[in-house]
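K.L.:
Pasting in a structure now, in structure tokens, and then I'll have a few things to ask.
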Amino acid sequence: MGEIRNVGVVGLGAMGAGIAQLCVEAGVDTVGREVSAELGEKARDQIGHFLTRKVEKGQLEQAARDEAVGRLTLTTELDDFADCDLVIEAIVEELEPKRELFAELDRICGPAAVLATNTSALSVTEIAAATTKPGRVVGMHFFNPAPLMPLVEIVRAELTADAPYETAYAFGERIGKTPIRCHDTPGFVVNRVLIPLLNDCIRVLDESRVTPEDLDTGMKGGAGWPMGPCALVDLVGIDVHVHASEALYEKTREPRMAPPPRLVAMRNAGLLGRKSGRGFYAYD
Ligand SMILES: NC(=O)c1ccc[n+]([C@@H]2O[C@H](COP(=O)([O-])OP(=O)(O)OC[C@H]3O[C@@H](n4cnc5c(N)ncnc54)[C@H](O)[C@@H]3O)[C@@H](O)[C@H]2O)c1
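Take the sequence shown: its position 112, counting from 1, is numbered 112 in the numbering used here, and each next residue is one higher.
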């Protein structure tokens, strides 16, 4: 274990594309895998677009931008991960596809490679159990959008060995994130606290008949939050928040984790927040 020269990112959706961007910006050769060449190209275009905006803002030189984009290789074949020292998985949030993927990566990657999952709510230990070397499996839980949010939770599963764990921690620092260490428990650290708290906020909307605007004003002005809870749920995506709440509720059976009916109704009606143009607030 030790130096990371080549990284693989599996799944170049919202999170994977952001993680791949961080890797290439940090000067690391990166292989990105999507299910089709078109989806891979779409992610590369998006990364190129974000890096161009950094050039326009004077945060990055044009030559450095071009070099960064050039460090990303696209593939649809998992075999292209054979030389990777670290693979970060960011595919759909479902246990079986992740377990199947880790079993394949375990077969394809060299014995010293570290395998990381970006799961938000699944058990890293259960994913690791699909491999023959669970000691090299860790969680690297980034936050959305990965290029902008500083935190990465470095999650130690039941059988994670020290060296791969520290390799993942050091890599988080190397790509400019602020890593914290934690064990594999439902919601890890931030979501374990934030999800029930946001659910409480939404329940208060009905209990105290405060408006979303006033609730947001209240939490900003009275609790020092940088953003109100309704604006935050709109930003995260109401479908994403409901899904994460359900997953945590299933694991913990704590009533506060269950998604409030109001949010479930909004999700069912397609009011998903910013991405659908309407949630608690309307967006152009
Ligand atoms: N969106 C968030 O706020 C957030 C935050 C932290 C962690 N996560 C976690 O990150 C992971 C990805 O979430 P997302 O929001 O980026 O999802 P997404 O749907 O935007 O992206 C997933 C991508 O993976 C691709 N994919 C699916 N199976 C694949 C496979 N076998 N090989 C290669 N690509 C495959 C899909 O085509 C899709 O582009 C999930 O585990 C999620 O829980 C999400």
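Don't be surprised by glycine CBs; every beta carbon is placed ideally from N, CA and C.
Which one or two residues does DSSP pair with residue 282 in a beta bridge?
P.N.:
Stepping through the sequence shown from its first residue, residue 282 is reached at position 282. In DSSP, residue 282 forms a bridge with 278.
K.L.:
Residue 265: beta carbon under 8 Å from a heavy atom of ligand 1?
P.N.:
The residue given as residue 265 occupies position 265 in the sequence shown. Incorrect: residue 265 has no Cβ contact closer than 8 Å to ligand 1.
K.L.:
Rounded to whole angstroms, how far is the Cβ of residue 9 from the Cβ of residue 32, which I believe are closer than 8 Å?
P.N.:
By 1-based counting over the sequence shown, the position of residue 9 is 9. By 1-based counting over the sequence shown, the position of residue 32 is 32. Residue 9 to residue 32, Cβ: 5 Å. Contact.
K.L.:
Looking at C-alpha atoms only, which residue of 194, 113, 89 is the closest neighbour of residue 12?
P.N.:
Here residue 12 refers to the residue found at position 12 of the sequence shown. Considering only alpha carbons, the answer is 89.
K.L.:
Do residue 137 and residue 154 have their C-beta atoms within less than 9 Å of each other?
P.N.:
Your numbering for residue 137 matches position 137 in the sequence shown. Your numbering for residue 154 matches position 154 in the sequence shown. Taking 9 Å as the cut-off, the beta carbon of residue 137 is found no closer than this to the beta carbon of residue 154.
K.L.:
Check whether the Cβ of residue 135 sits closer than 8 Å to any heavy atom of ligand 1, and report yes or no.
P.N.:
In the sequence shown, residue 135 corresponds to position 135, counting from 1. Within the chosen limit of 8 Å, ligand 1 does not reach the beta carbon of residue 135 with any heavy atom.
K.L.:
Expressed to the nearest angstrom, what Euclidean distance is found between the alpha-carbon atoms of residue 171 and residue 280?
P.N.:
Here residue 171 refers to the residue found at position 171 when the sequence shown is read from its first residue. Here residue 280 refers to the residue found at position 280 when the sequence shown is read from its first residue. The alpha-carbon atoms of residue 171 and residue 280 are separated by roughly 38 Å.
K.L.:
Does the beta-carbon distance from residue 78 to residue 105 come in below 9 Å?
P.N.:
What you label residue 78 is simply residue 78 of the sequence shown in a count that begins at 1. What you label residue 105 is simply residue 105 of the sequence shown in a count that begins at 1. Against a cut-off of 9 Å, the Cβ pair of residue 105 and residue 78 comes out as a contact.
K.L.:
Can we count residue 49 as close to ligand 1, meaning its CB is less than 8 Å from some heavy atom?
P.N.:
Stepping through the sequence shown from its first residue, residue 49 is reached at position 49. Answer for residue 49: no, Cβ out of range of ligand 1.
K.L.:
Should residue 113 and residue 22 be called a contact, given that it needs their Cβ atoms to be closer than 9 Å?
P.N.:
In the sequence shown, residue 113 corresponds to position 113, counting from 1. In the sequence shown, residue 22 corresponds to position 22, counting from 1. Cβ atoms of residue 113 and residue 22: not closer than 9 Å.
K.L.:
Mind the definition here: the region 254-268 touches the region 217-231 only if three or more C-beta pairs lie below 8 Å; say whether that holds.
P.N.:
no
K.L.:
Under 9 Å, do residue 235 and residue 273 count as touching if we go by C-beta distance?
P.N.:
Walking along the sequence shown from the start, residue 235 turns up at place 235. Walking along the sequence shown from the start, residue 273 turns up at place 273. Contact: yes.
K.L.:
With hydrogens ignored, establish whether the beta-carbon of residue 273 is closer than 8 Å to any heavy atom of ligand 1.
P.N.:
Along the sequence shown, read from residue 1 onward, the residue named residue 273 stands at position 273. Flag unset: Cβ of residue 273 not near ligand 1.
K.L.:
Any heavy atom of ligand 1 inside 8 Å of the beta-carbon of residue 151?
P.N.:
Here residue 151 refers to the residue found at position 151 of the sequence shown. No, Cβ of residue 151 sits at least 8 Å from all heavy atoms of ligand 1.
K.L.:
In this structure, does DSSP put residue 227 in helix, strand or coil?
P.N.:
As a first step, residue 227 must be located in the sequence shown, where it is residue number 227. In the structure shown, residue 227 sits in coil (DSSP, three-state: anything other than H, G, I, E or B).
K.L.:
Confirm the yes/no value for this check: CB of residue 183, any heavy atom of ligand 1, distance under 8 Å.
P.N.:
Walking along the sequence shown from the start, residue 183 turns up at place 183. No.
K.L.:
Tell me whether residue 33 counts as near ligand 1, meaning its Cβ is closer than 8 Å to at least one heavy atom of that ligand.
P.N.:
Along the sequence shown, read from residue 1 onward, the residue named residue 33 stands at position 33. Under cutoff, so the answer is yes.
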